[in-house]
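Which chain is which? The protein sequence lines are A and B, in order.
Its first residue numbered 1, the first sequence is counted upward by one per residue in the working numbering.
Its first residue numbered 1001, the second sequence is counted upward by one per residue in the working numbering.
Glycine included, C-beta positions come from ideal geometry on N, C-alpha and C.
Computed from a prediction, not measured in an experiment: that's the story for all the values here.
The structure appears below as structure tokens.
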Amino acid sequence: MIPELGHFALILALVLSLVQAIVPMVGAHRNRMALMAVGRPAAQGQLVFIVIAFVCLTWAFIESDFSVRLAATNSHTDTPLIYKITGVWGNHEGSLLLWAMSLSMWTVAVTVFSRNLPEAFMARVLGVLGWISAGFISFTLVTSNPFERLLPGAEQGRDLNPLLQDPGMIIHPPLLYMGYVGFSVAFAFAIAALLTGRLDAAWARWSRPWTIVAWVFLTAGIAVGSGWAYYELGWGGWWFWDPVENASFMPWLLGTALIHSLAVTEKRGAFRSWTVLLAIGTFSLSLLGTFLVRSGVITSVHAFATDPTRGLYILALLVLVIGVSLVLFAWRAPKLAGGGSFGLVSREASLLGNNVLLAVACAAVLLGTLYPLFLDALNMGKISVGAPYFEATFVPLMTPVVILMMIGPFVRWKGDDGGRIMRKLALTGLVSVVLGIAIAFAIGHVSVRTVLGLALAAWVVLGSMQLLRSRLAERPGVAGMVRLRGIPSAWWGMWLAHLGVGVFVIGVTMVGSLNADLDVKMSEGQTAELAGYTFTFRGATERAGPNYDAATAIVDVDRNGRQIATLTPEKRIYRAQRMPMTESSIDVGPFRDIYLSLGEQVESGAWVVSIHYRPFILWVWLGCVLMGLGGIFAACDRRYRRLAERTAPATAANAKQAG
Amino acid sequence: MKAKFLVPLALFVLLAGFLAYGLTLNPREVPSPLVDKPAPAFSLARLDQPDQRLDLEQMRGKVWLLNVWASWCVACRQEHPFLVELSRRDIVPIIGLNYKEVRGDGEIDARGMALDAETALAVQRARGWLQAHGDPYTWSVLDIDGRVGIDYGVYGVPETFLIDRNGVIRYKHIGPIHDAVFRDVLLPKIEELTRAG
């Protein structure tokens, strides 16, 4: 009964999404207040019904109702409660429902937090979001009904894929989806603006906080996913350029460009058509990512069950959403020319440069991801594109991005004196290069990539310090604390996020230069050495977990005769799927991780142990945390709230004018 | 409407075309170099009577399917009902190549197991499985150490080979066979090869 209730609630949500898609749009077109006002309650009601549907599905998992096919294939009575709940979205159908729920939450957030938008504009934004929602809910209902019954019900469930039974999996998909879907708000704002022909500074100001918040979610989602891959897959790697990883990385790159482009549009009114195109592009890539993951067009480690009808439906959705918005763009954007002019050396020019580079980097990732498909479609053979391609194209493209990133904030809007900037930053640049070379020698690993990475990291860190100092010097004669507090939150956001890039580069460079791996057969009492650490195998014991049996090895780690950790990597066999899993054991430190995973038992009492030494890997995620924090600071800027209040009377006047 | 604003749309249309075509392709399908080559010879013990052997030569003059299976293979379970149903329709004989029945199973440690003991265990497991799920095979043969599988380039179970009267491999299907694949791909080829006489 409860699953049927959920199914029915989802159908009602679809009906409401259609109402939300059509009625406010018609109202905005005919300028009828009563019709426009339908948008909000429809969006809010829709969320209520999707939440009911989601709760019903979760209930089927918690209660182990194996007459629901999805629960039978993704849960088990022995599965720990937390993984029964996360199992709801550890599969195709459930993750679509989560997608729809995130979209609905974002829509309701827009109705709550953007109350000051002009009524007609709001109606169009809600209309666009309603169409997307209708597309996804109908996709779920027609091709991937999560409430499908299995009659007669199964005796026992097949359990959730053991790879997904992990704390990282609890938060990774919701964060990622909040990010993906969040860009739909920026997209809806852009489409609504194209429809009204009103693409001005006010539009950019409304879009900015939404875009930044979505970007923060996406950043966090990607970072958690990469962390999960690091400790769960047992190879000690943190990024694999897998198509599904790329699918989340492409919207991140373009979203980063969008945030910066919106800043220019808000402050200077320039780049308007480019900004709109980025807003459309970012969300399109989110949709494309969903398509790539769900359709099975590309092989990936994230092999969800694939089905050609699903691929076709989502491709149709993709073509409809992106096609219509690009037609609209081609029709309306030519009228948007204009905006302030700017010189070759100006804040605008540096932001434009970075924007173009980020977009090209995104295109390079897209090309690499889809290249196997292109060749296959043209009958030119089967290939796979691996990390070497991505590293070879990505590093040269991102190097100028990082360099420009530190110059941009020093340059004035409109135009600046190139010589002044040179004089200001020449010393910093020189010191960075010297530091890069010196540190590379100090760590005993001199290669082009190491020197480049370290010099770039030094450039970012030193440049950030210099930027803070010159910012504080702007108000001489005022007490230090007052000056610090006088800096707006948005500036701190920019500063932190840029510093985060530097920290990230340190992590990537160090782990890329100095990591070490060793696979060794060990039996009780034997030792192995790696990177100055001594590993002593103390034997393996067996234990039974809630839904798995495990062999646990005990390994002591010593350095210079002093014991620093005892690690316990495990080999687990999950009972329901008879699937073996390695559970790595990591000694995390600020300057290095010691990472152990247990391989096969080769003979009685002897095991293969994989030892990985990962210097500075924590800095990779620390950098992501700083970037995310920067986003939060930027989104919390008082200016958005103040301006929202200030625009309210003005927009009321606009509405009157339009009437 | 200025032409340059149509560029994103044009690029997207091109991309969508590729994606649509991509849906019809299978990225997991790797063309086998063995297609249109003579099937590698084998002589293996039969599952029903392990003291008797089945040679490739015995199948000469027939159009037949060689289906690679094992009781530990989950996807085999998926295609099995279809194979049983197919064998009832008497269209084409199916020979089962039971691939690494014991040592292919991740749960069993077959190292140090004598070949006799391993064969006995394989026979017991494979027969039990066919009793439980139905036996679609004219004969099944035991590839205990997987050597024949290597000759045939097997890298995932199940795989199915279509072999003609002269012992030439005409088609290779990777992954479980289902109704649509059989109807649209295999059956027309079988009919053509049978007619070609």
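Let me know the alpha helix (DSSP H) ranges lying completely inside the segment 107-188 of chain A, each 4 residues or longer, listed in chain order. 119-143
Interface residues of chain A around residue 1126 of chain B at Cβ under 7 Å? By Cβ distance, chain A contributes nothing, its closest Cβ being about 18 Å from residue 1126 of chain B, past 7 Å.
In its own chain, which residues sit with a C-beta less than 6 Å from the C-beta of residue 44 of chain A, not counting the 5 before and 5 after it? When the five nearest sequence neighbours on each side are left out, the beta carbons in the same chain lying within less than 6 Å of the beta carbon of residue 44 of chain A are those of 108, in order along the chain.
Cβ closer than 8 Å: which chain B residues qualify as neighbours of residue 291 of chain A? 1019
Run down chain E in chain order and give the residues with a C-beta less than 8 Å from the C-beta of residue 1082 of chain B. In the displayed structure, chain E is absent; the protein chains listed are A and B.
Is there contact between the segment 471-486 of chain A and the segment 435-444 of chain A, where contact requires at least three CB pairs shorter than 8 Å? no
Within a Cβ cutoff of 7 Å, which residues of the same chain sit near residue 509 of chain A, ignoring the five residues on either side of it in sequence? 450, 453, 454 and 457
Grab the span of the alpha helix (DSSP H) containing residue 83 of chain A for me, first residue to last. 81-86
Beta-carbon proximity check, residue 252 of chain A vs residue 218 of chain A, cutoff 7 Å: yes
Evaluate residue 92 of chain A with the Cβ neighbour count: other Cβ atoms within 10 Å of its Cβ, from every protein chain shown; 16 or more gives buried, anything less gives exposed. So residue 92 of chain A counts as buried.
Endpoints, alpha helix (DSSP H) assigned at residue 200 of chain A: First-last for residue 200 of chain A: undefined, no H or E at that position.
According to DSSP, is residue 1185 of chain B part of a helix, a strand, or is it coil? helix
Best match in B:1084, B:1116 and B:1095 for proximity to residue 1135 of chain B [C-alpha to C-alpha]: B:1084
Starting from residue 532 of chain A, find everything on chain B with Cβ-Cβ shorter than 8 Å and list it in chain order. Here the premise fails: no neighbours, minimum Cβ distance about 35 Å.
Where residue 2 of chain A meets chain B, residues with beta-carbon distance less than 9 Å: Result: empty, since nearest Cβ-Cβ is about 30 Å, beyond 9 Å.
Are the C-beta atoms of residue 1009 of chain B and some chain A residue less than 7 Å apart? yes
Please identify the residue among A:172, A:231, A:267 and A:212 whose C-alpha is closest to the C-alpha of residue 220 of chain A. Looking at the Cα atoms, A:172 is the closest of the given residues.
Any alpha helix (DSSP H) of 4 or more consecutive residues that is wholly inside the segment 28-100 of chain A: 33-36, 39-62, 69-74 and 81-86
Does the Cβ of residue 1051 of chain B have 16 or more other Cβ atoms within 10 Å, making it buried, or fewer, making it exposed? Burial call: exposed.
Neighbour flag for residue 10 of chain A against chain B, beta carbons, 7 Å: no
Checking the sheet assignment: what are the DSSP bridge partners for residue 518 of chain A? A:611, per the DSSP bridge assignment.
Pairwise C-alpha distance: residue 584 of chain A and residue 278 of chain A: 40 Å
Rounded C-alpha distance that separates residue 1153 of chain B from residue 293 of chain A: 29 Å
Anticipated Cβ contact below 8 Å, residue 572 of chain A with residue 545 of chain A, distance rounded: With a beta-carbon spacing of about 7 Å, residue 572 of chain A and residue 545 of chain A fall inside the 8 Å limit used to define contacts.
Opposite residue 1054 of chain B in the DSSP bridges: which residues? B:1044
For residue 1160 of chain B and residue 1169 of chain B, what's the separation of their Cα atoms in angstroms? 10 Å
Cβ pair count under 8 Å reaching 3, the segment 338-355 of chain A against the segment 407-419 of chain A: yes
Quickly, what does DSSP pair residue 1038 of chain B with across the bridge? List them, please. B:1168
Compute the beta-carbon to beta-carbon distance between residue 222 of chain A and residue 284 of chain A, rounded to the nearest angstrom, for a pair I have assumed lies under 8 Å. About 18 Å separates the two Cβ atoms, so there is no contact after all.
Can you check which of these residues, B:1070, B:1086 and B:1062, is closest to residue 1181 of chain B by C-alpha distance? B:1086
On the DSSP letters alone, give me the boundaries of the beta strand (DSSP E) that residue 1098 of chain B sits inside. Unbroken beta strand (DSSP E) run through residue 1098 of chain B: 1094-1099.
Sorted by chain position, which residues of the same chain lie with C-beta nearer than 7 Å to residue 629 of chain A's C-beta, five sequence neighbours on each side aside? 496
Roughly how many angstroms lie between the CA atoms of residue 625 of chain A and residue 500 of chain A, to the nearest whole one? 7 Å
Please list the terminal residues of the continuous beta strand (DSSP E) segment that includes residue 1103 of chain B. Note, residue 1103 of chain B: premise wrong, no beta strand (DSSP E); not H, not E.
What number of angstroms, rounded off, separates the C-alpha of residue 1157 of chain B from the C-alpha of residue 527 of chain A? 39 Å
How would you write the range of the alpha helix (DSSP H) that residue 1135 of chain B sits in, first residue to last? It is not in any alpha helix (DSSP H) - residue 1135 of chain B carries neither H nor E in the DSSP assignment.
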